[in-house]
Amino acid sequence: MTIMKSHASKLSAAIASICLLSGPAWATVTDTEGLNIGDSNTLDFDENSVAIGDHVTATGLGSAAFGDYTIASGENSAAFGYKSEATGNLSVAFNETSKATGSGSAAFNAATEASGMNSAAFGYDSTASGMGSVAFGYDTIASGTYSAAFGYGTTASGKYGISFGEYAQAQAYASMAIGRYNVVSGDTTHWKGEEPLFVIGNGTDAANPNNALTVLKDGRMGINTASPQVELDVRGSVALGYDANDTVQFGGVGTPFNAMQVGQSDIGTSTTQTKQVTITFPNAFNSAPVVMGNIVKDNTSMSSFSVTIQGVTNTEFVATIRRIGNSSSWTYPLKLNWQAYEL
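With positions in the sequence shown counted from 1, the corresponding number in this note's numbering is that position plus 97.
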């Protein structure tokens with residue numbers, strides 16, 4: 098090991114004095130603004146840089162690299178630990194193989210990477226690549242602008258998105274996903290009413306995702322469905338109770354009933370003023386229920402159409418749709434929202 102000491106700066110002398118370095122502990126301290134301790138190190142002495150360890154690189158202005166094979170090339174950057182890299186300006190990297198490549202970024206713990214501007218990654222193998230993003234946990238990814246991912250294998254790819262849990266994914270703009278293996282959908286950069294705002298996933302694996310709860314940006318909510326068609330879309334049975342008689346209030350009048358089903362059925366277009374369709378209940382009732390319904394277009398109620406319900410049995414009913422005040426056909430697709438109650 099070559100031992101050199103020439104024109105040591107106050108910084109170099111101070112650190113050397115504190116560490117009580119002598120003899121072979123010195124590698125190279127040269128010029129006026131740098132400190133180099135170790136073997137095979139690279140640094141820019143004119144940039145106030147510090148390199149301590151073996152095969153260390155500190156070439157950024159005001160940079161510091163500590164450990165073996167560490168790199169601090171960004172201005173005012175710092176790298177600590179084996180093969181850690183702080184290449185972004187004002188970045189810091191801590192622990193083995195961590196990388197802070199974005200300006201103002203920070204990577205903590207093994208195999209983490211913070212590549213987005215002002216991003217931060219914590220845990221193991223977590224990645225924060227979006228500007229202002231944060232990733233916490235194991236194998237998490239926060240790639241959306243100002244996004245956050247927490248837990249195990251979660252991803253927040255939508256702008257302003259947040260994900261929590263196990264393999265939960267927040268893809269839609271400004272959405273939140275919690276739980277595990279939710280259905281993934283949505284535009285990452287734009288607000289769209291028909292896309293998810295809040296999702297609770299309860300899927301079993303990547304091949305079998307499912308949403309226990311889905312709330313869309315336009316206010317529609319679905320239980321056990323990723324694409325609710327009405328304000329409250331329940332795919333499954335519903336149990337309601339208000340008093341000892343299971344009475345539910347409709348218009349201030351108590352109505353006890355035994356079962357209820359709701360749905361939305363396609364009506365489509367018509368070449369005439371009137372169209373008749375037969376709707377089959379998803380599950381048969383014990384007796385013929387009371388059925389009500391209204392016509393919608395793009396989930397907006399259409400007051401220019403009337404609905405007549407007839408032919409109700411425990412398995413189906415017939416709906417007659419009529420265009421009011423106009424004898425012509427309609428060329429846009431319609432849907433029927435219906436509710437059936439067995440008393």
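C-beta: ideal position from N, C-alpha, C; glycine also. Bear in mind the structure is a predicted one, so any value in this text is a computation, not a measurement.
- Restricting attention to Ser425, Val415, Val359, Ala204, the CA atom closest to the CA of phenylalanine 219 is found in Ala204.
- Around the C-beta of leucine 329, fewer than 16 other C-beta atoms lie within 10 Å, and the residue is accordingly described as exposed.
- Around the beta carbon of alanine 175, 16 or more other beta carbons lie within 10 angstroms, which makes this residue buried.
- Closest in C-alpha terms to serine 170, from the list Val147, Asn305, Asp151, comes Val147.
- For proline 293, the beta-bridge partners assigned by DSSP are Leu313.
- Counting C-beta atoms within 10 angstroms of its own C-beta, glycine 333 has fewer than 16 neighbours from the protein chains shown and is therefore classed as exposed.
- A distance below 8 Å separates the beta carbons of valine 404 and glycine 390.
- For glutamate 328, the secondary structure class from DSSP, reduced to helix, strand or coil, is coil.
- DSSP places glutamate 172 outside both helix and strand once states are collapsed to three, so it counts as coil.
- For glutamate 193, the three-state secondary structure derived from DSSP is coil.
- CA-to-CA, the gap between threonine 410 and asparagine 383 works out to about 10 Å.
- Taken in chain order, the whole alpha helix (DSSP H) runs of length 4 or more contained in the stretch 239–298 number zero.
- Residue environment for lysine 196: buried (at least 16 other C-beta atoms within 10 angstroms of its C-beta).
- Ranked by how close their Cα comes to the Cα of serine 398, the residues Gln326, Thr311, Tyr257, Gly199 have Gln326 in first place.
- With contacts defined as CB atoms closer than 8 Å, alanine 271 and glycine 248 fail to qualify as a contacting pair.
- In the DSSP assignment, lysine 180 forms no beta bridge with any residue.
- Non-local C-beta neighbours of tyrosine 243 in its own chain, meaning closer than 6 Å and more than five positions away in sequence, comprise Gly229, Tyr257, ordered along the chain.
- Listed in chain order, the beta strand (DSSP E) runs fully inside the stretch 382–408 are 387–394, 402–407, counting runs of at least 3 residues.
- Nearest Cα to serine 367 within the set Gly319, Thr428, Gln358: Thr428.
- Closest in C-alpha terms to serine 401, from the list Asn423, Asn380, Ala385, comes Asn423.
- Within the same chain, and ignoring the five residues on either side of glycine 319 in sequence, the residues whose Cβ sits closer than 6 Å to its Cβ are Thr311, Pro325, Asp330.
- Boundaries cannot be given for glutamine 370, as no beta strand (DSSP E) includes it and DSSP labels it neither H nor E.
- Taken atom to atom, the span from the alpha-carbon of serine 202 to that of serine 216 is near 5 Å.
- Between tryptophan 435 and glycine 365, the C-beta gap is not smaller than 8 Å, which leaves the two residues out of contact.
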